[in-house]
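Visitor: Line order of the protein sequences matches chains A and B. Oh and the first sequence: position 256 is 256 in UniProt numbering, straight run, nothing missing. Oh and the second sequence: position 194 is 194 in UniProt numbering, straight run, nothing missing. Let me give you the structure first, and then I'll get to my questions.
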Amino acid sequence: MSVVTVQLGQCGNQVGPELFSTVYEDSTGANSKTYKQCSDERFFRESSDGVLAARAVLIDMEPKVITQAIAKASASGKWRYGEKSHFCQKQGSGNNWANGYCVHGPQHKDAVEDLVRREAERCDRLAGIFAMMSVAGGTGSGVGTYITQCLRDTYPHAFILNHLTWPYGTGEVIVQNYNSVLTLSRLYTLSDALVVHENDTVHKICSQLMNIKHIAMSDLNKVIAHQLGSVLQPAYTADSPAHYTTNPIGELLTSLVCHPEYKLLNVLNIPHMSRTSLAYSAYTWSGLLKHLRQMLIANARMEEGINWKVCAPSNRAESTRNTHMGFNRSLSNLLILRGKDVSSADVGAFKEPGLYVPWLPADGTFHTWHSPVPFSGYEKLATLLSNSQSLLNPLDNIVKKAWNMFASRAYIHQYTKFGVSEEDFLESFTLLEQIISSYTHL
Amino acid sequence: MECKKNVKAKEVITTLCKFLSALDVESVPTAEVFRRAKFNKTDAAQDLWCLLISILKKVFEPDCACSELTGRSTPDTQLHFVKSALWHSGYGGWWVVRPQACESREKIGSRDLLLAFSWLIASGNLFEALIRERLLQLDVLSSAGGPPEKLELDLNVCEEKDVRRLQWQYGKLKLRWRSLFTAQQEQAKLFDKVCSQTSSSPACYSSTAYVPNLTGSTALEKDLERIQSLNGILEAYLEWKTVEPLFWCWMDSVIDGCLSDRPVDVQLSDQVVTQSCSYGEKARRSVTRLDKMLLKLQTKHQDRLDRCTDTTRLSHRQKEEVERRVAARLQDFSLVNTLTATDRGFTPYFHEPQASRSTSKPQRGDSGPAQISGVLQASSVLKELRQRKTMLEWEMELLRQSKREEMQSKANALEGVVFILPLKR
């Protein structure tokens, strides 16, 4: 039971090593042998010299970031990347999705597919493919989309989960919204689910909760890795209450994204704090879950600045009739609890029918995973993976900005010259509008 | 040597028979029947007839309404069914194609039946289609649990939310199916590992692996049986595929025997082309196209005539020149477009047709191989093709020359431009 991670582009190759470090440190620090074994099998394989090698494939069009990632992993002395599991070129994609998707991707298709196949064949059970990328740049988004498409063709029955980093609203790349629109529309049909992290949210977590003064890229990546790790590390599930599940991604998808129109997943995590204050904090499950629930329904990204006035409609019928101000309706939620006394945590408040759409059967909307092993030094930690309206606004913003640029035909020739036509753009816009409308009318 | 070859042929046909039985085809004859059919023995006809009927039934019954026809199975309806089914699949044997040629089954020799049977195998993917059908019946995963018991859903009052709920449940099922699929793959992989480590010969667990009967549940046993028979089919198919070329070699010898026994029928080949349904359609279409083309040419010709009626202005010499060119063109045209023996389709022979050896041949007196349509000698074909090649080359040279002249005249007309001829290679 193993997950093959595909790190794509600069972002993917920076978040990737953080994720592996996080899960390695977490499972090594945990005082549980089975937990460690399960986690190791999930993310690493033993290489010939006995060192753990990440089940990962690194892909970028320029060598810099990959070299850094490999060096950093080797320097840790605890785990490293596989000998021949990376692929890079000399020339980047210049933040142009079309360049990545139409030129670089097809050019290096065989090499990349070969790398992934070798990694997949080393798994007794391929639990899923986890592709990490940003949607703003050229390589991660363009090549990443193309590679995801190839993987879908090669592994039609495998679970493919994409992790997407969304750019800052006031982004650094002028065509980031074009790239995002093209990536999201393609991935929506290819991938089984899209787990989204917004840079803006993560930045706020760093500044307000972790009290970091000068926020560097690596700080953001650590937060993302922390949240992903808390989702992907071993846990007991409904299907496997006595053993750590052997089908984490399959179960994740079964509980969250069964409907093909709704595939966007948001991650909420509580508590977040700096390493130094970790030792002096104590939480109760009821307090954590109360906050988390309010974060969910009021669509707050973190435990500070939650609007406590928002409340859920009392029953399903009411929830369809009037739209409560600021209320964030869910399709499905997966709550993952890690740490001390998880069995005593009362999750009833998340099961209220008023939180969910009326057309789903009540037993299909909410699932819990749990593990008694504390995660990364947090005595108690709750993570909520949510398929809800919470990403509606940022998605709408991306589409609107891209459309405004498209309406004045700005930079379009940069895309058409590589073979992405205006019709392709229009198709992408249509699809995303459809998604926005689906989520709006939940 | 002859004996050895026969043994081989027998093995090959036995493989075929095994495969057919695995596919659940009824009344599969023994290899001996095939051998006897090669020599057109009458006693083999009944068995082959049954085989042909059961195969055609398997192929055609699901999608045609002829089941009640074959169900009653009087000899007449059977014959009608077999003939029309074979005709439908494009077979052009004499007893199928010719109307009124064959009113009773006794006239059809066992070799004719054998030929029809092998036509069925050779044309299209008969076996693959049959396998697919069996697979759908047997595959445990794709037909897990069979169809659900009655679904309580009134489609008339089905609202949008019901549709969404169904979509969700369907998506869930698909995801669960994929989970099971990966679990199955994992089991296969681990099983393979265990087997390759515990035993030196990896072949031992191919079909008769010991499966511990843990639950004793009948449903599981049934599944096991289905999987085993599925494996049986696939193995039989694999075996058949490896010996298939040998079978066709043997069929070649059957056809040779057939040709040497019977005078080649002149009309037969033509009839196949026009009467069998797939070809007939094609022919009709080309005729319509030719008609249209003719019409177009006529109109064009009329136009030209109208414009060129004023030939009086041309001098005598010019007229002669035009006539000469037209005649030359026409001759070329007729040379290139005359149908020759090779255009009509043929069976290449390297030796003299065996027919000429038999004494009872009525056409023996005919001279020249071209008289027997459908049979050509390789040497004459070669000669003809060579002739045609020279003709085409000559025509190409002409075209090249005219193009060159045309280019030169155009180049001369342009002023101030210097043309440099390409270097001669």
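Think of the CB as a built atom: it goes at the ideal place given N, C-alpha and C, for glycine as much as any other residue.
For LEU265 of chain A, which of helix, strand or coil comes out of DSSP?
Guide: DSSP places LEU265 of chain A in strand when its eight states are reduced to three.
Visitor: What number of angstroms, rounded off, separates the C-alpha of VAL6 of chain A from the C-alpha of TRP119 of chain B?
Guide: Cα to Cα, the separation comes out at about 51 Å.
Visitor: Which partner residues of VAL4 of chain A appear in the DSSP bridge assignment?
Guide: A:ILE129, per the DSSP bridge assignment.
Visitor: Write down every uninterrupted run of the beta strand (DSSP E) in the segment 137-205 of chain A whose length is 3 residues or greater and which is fully enclosed by it, in chain order.
Guide: For the segment 137-205 of chain A, whole beta strand (DSSP E) runs of length 3 or above, ordered along the chain, are 160-166 and 193-198.
Visitor: Between which two residues does the alpha helix (DSSP H) carrying ARG45 of chain A extend?
Guide: Looking at the DSSP string, ARG45 of chain A is not in any alpha helix (DSSP H); the run it does join, the beta strand (DSSP E), is 44-46.
Visitor: Looking at the C-beta of LEU330 of chain B, does it have a partner C-beta in chain A at a distance below 9 Å?
Guide: Taking Cβ atoms only, chain A never reaches closer than 9 Å to LEU330 of chain B, which makes this a no.
Visitor: Three or more C-beta pairs under 8 Å: does that hold for the segment 252-263 of chain A against the segment 12-26 of chain A?
Guide: With a cut-off of 8 Å, the segment 12-26 of chain A and the segment 252-263 of chain A do not count as touching, because too few Cβ pairs lie within range.
Visitor: In angstroms, rounded to a whole number, what distance separates the CA positions of LYS84 of chain A and ARG118 of chain A?
Guide: Approximately 10 Å between the Cα atoms of the pair.
Visitor: Would a C-beta distance cut-off of 9 Å place PRO234 of chain A and SER21 of chain A closer than the cut-off?
Guide: No, the pair does not count as a contact, with Cβ atoms beyond the cut-off.
Visitor: Since THR368 of chain A sits in a beta bridge, which residues does DSSP pair it with?
Guide: For THR368 of chain A, which the question treats as bridged, DSSP gives the partners A:LEU335.
Visitor: Should ALA30 of chain A be flagged as near chain B, meaning a C-beta pair shorter than 9 Å?
Guide: Answer no: the Cβ-Cβ gap between ALA30 of chain A and chain B never drops below 9 Å.
Visitor: Exposed or buried, which one is TRP308 of chain A when buried takes at least 16 other CB atoms within 10 Å?
Guide: Exposed is the call here.
Visitor: Whether or not the segment 124-135 of chain A and the segment 148-161 of chain A are in contact is what I'm after, with contact meaning three or more pairs of Cβ atoms, one per stretch, closer than 8 Å; do they touch?
Guide: Short answer: they touch.
Visitor: Between which two residues does the alpha helix (DSSP H) harbouring HIS413 of chain A extend?
Guide: HIS413 of chain A -> alpha helix (DSSP H) spans 412-416.
Visitor: Between GLY364 of chain A and chain B, is the shortest Cβ-Cβ distance under 9 Å, so that the two count as touching?
Guide: Cβ-Cβ to chain B under 9 Å: yes for GLY364 of chain A.
Visitor: Distance, Cα to Cα, TRP49 of chain B vs PHE34 of chain B?
Guide: For TRP49 of chain B and PHE34 of chain B, the distance between alpha carbons rounds to 12 Å.
Visitor: For a cutoff of 9 Å on Cβ pairs, would you count GLY140 of chain A as touching chain B?
Guide: Taking Cβ atoms only, chain B never reaches closer than 9 Å to GLY140 of chain A, which makes this a no.
Visitor: Can you tell me the Cα-Cα spacing of GLU11 of chain B and GLU106 of chain B, whole angstroms?
Guide: When rounded, the distance between both Cα atoms is 29 Å.
Visitor: Between GLU186 of chain B and chain A, is any beta-carbon pair separated by less than 9 Å?
Guide: Answer yes: the Cβ-Cβ gap between GLU186 of chain B and chain A drops below 9 Å somewhere.
Visitor: With DSSP collapsed to three states, give me the class of residue 515 of chain A.
Guide: The structure shown does not extend to residue 515 of chain A, since chain A is modelled only from 1 through 442, so no value can be given for it.
Visitor: Measure the C-alpha to C-alpha separation of ILE416 of chain A and GLY232 of chain B and round it to an integer number of angstroms.
Guide: According to the sequence displayed, residue 416 of chain A carries Thr and not Ile. Cα-Cα distance, rounded: 54 Å.
Visitor: Give a yes or no on whether the C-beta atoms belonging to LEU384 of chain A and GLU304 of chain A are separated by under 9 Å.
Guide: No; because the gap between Cβ atoms is not below 9 Å, this pair is not in contact.
Visitor: Please list the segments of the alpha helix (DSSP H) lying wholly inside the segment 117-141 of chain B, counting only runs of 4 or more residues, in order along the chain.
Guide: Counting whole runs of 4 or more residues, the segment 117-141 of chain B contains the alpha helix (DSSP H) stretches 126-138.
Visitor: Could you give the first and the last residue of the continuous alpha helix (DSSP H) run that contains LEU382 of chain B?
Guide: Where LEU382 of chain B is concerned, the enclosing alpha helix (DSSP H) stretches over 378-413.
Visitor: Would DSSP call LYS78 of chain A helix, strand or coil?
Guide: Note: LYS78 of chain A maps to coil in three-state DSSP.
Visitor: DSSP state of ILE227 of chain B, grouped into three classes?
Guide: Three-state DSSP puts ILE227 of chain B in a helix.
Visitor: Name the residue from A:ARG293, A:CYS88, A:LEU355 and A:TRP359 whose alpha carbon lies nearest to the alpha carbon of LYS109 of chain A.
Guide: Among A:ARG293, A:CYS88, A:LEU355 and A:TRP359, the Cα nearest to that of LYS109 of chain A belongs to A:CYS88.
Visitor: State yes or no: is the C-beta of VAL347 of chain A within less than 9 Å of the C-beta of LEU334 of chain A?
Guide: The answer is no: Cβ separation not under 9 Å.
Visitor: I need the boundaries of the beta strand (DSSP E) containing ASP60 of chain A, first residue and last residue.
Guide: Unbroken beta strand (DSSP E) run through ASP60 of chain A: 56-60.
Visitor: How big is the Cα-Cα spacing for VAL287 of chain B and LYS296 of chain B?
Guide: Looking at the two C-alpha atoms, the distance is approximately 14 Å.
Visitor: Taking only three categories from DSSP, how would you classify PHE327 of chain A?
Guide: DSSP places PHE327 of chain A in coil when its eight states are reduced to three.
Visitor: With 8 Å as the limit, tell me which residues of the segment 267-293 of chain A have their beta carbon closer than that to any beta carbon of chain C; keep them in chain order.
Guide: Among the protein chains of the structure shown, namely A and B, there is no chain C.
Visitor: May I ask you to list, following chain order, the residues of the segment 350-375 of chain A that have a beta carbon less than 9 Å from some beta carbon of chain B?
Guide: The segment 350-375 of chain A vs chain B, Cβ under 9 Å: VAL357, PRO358, TRP359, LEU360, PRO361 and GLY364.
Visitor: When you compare the CB of CYS258 of chain A with every CB in chain B, is at least one pair closer than 9 Å?
Guide: Cβ-Cβ to chain B under 9 Å: yes for CYS258 of chain A.
Visitor: Kindly confirm or deny that the segment 404-413 of chain A and the segment 276-283 of chain A touch, where touching means at least three C-beta pairs closer than 8 Å.
Guide: No contact exists between the segment 404-413 of chain A and the segment 276-283 of chain A.
Visitor: Give a yes or no on whether the C-beta atoms belonging to LYS263 of chain A and ASP200 of chain A are separated by under 9 Å.
Guide: Against a cut-off of 9 Å, the Cβ pair of ASP200 of chain A and LYS263 of chain A comes out as no contact.
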